[in-house]
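Numbering (this note's numbering), first residue to last: 10 to 130. The next block holds one structure in the form of structure tokens; read it before the comments.
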């Protein structure tokens, strides 16, 4: 599997949560639906930064160390502090955030299963 697979997982997760949001807002409450969206977007940002970090550091020769330091600074303190603030925000549901965080894993598992059934690789 290539780096393109990670990009497709992120794109599909955002599309999936955009489809789920109106139904969650209608049948559940708006704070729960927003929690799903924020959790999924946080997970997508986390996966995107992991992808960039891995692709830039696993090369034969590291070209620019500034970008690696910048990505590490953005990912670890800032992104995780944003996740902490999302968890502490009283308006959002913790269970909705957890479901939003795990939506990207559900999409990944379903994509892997579909690729293995269709023998795409």
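No residue lacks a Cβ here, since even glycine has one placed at the ideal position from N, Cα and C.
- For residue 102, there is no enclosing alpha helix (DSSP H), as DSSP marks it with neither H nor E.
- Just measuring C-alpha positions, the residue of 41, 16 and 92 sitting nearest residue 60 is 16.
- Residue 47 sits buried, since 16 or more C-beta atoms from the chains shown fall within 10 Å of its C-beta.
- Assigned with DSSP and collapsed to three states, residue 55 falls in helix.
- In the structure shown, the three-state DSSP call for residue 95 is helix.
- Relative to residue 91, the option among 14, 104, 55 and 45 whose CA is nearest is 55.
- Straight through space, the alpha carbons of residue 124 and residue 52 are spaced by roughly 22 Å.
- Under the Cβ criterion (8 Å, minimum of three pairs), the stretch 93 to 113 counts as touching the stretch 17 to 36.
- Residue 36 and residue 118 have their alpha carbons spaced roughly 26 Å apart.
- It is roughly 36 Å from the alpha-carbon of residue 89 to the alpha-carbon of residue 126.
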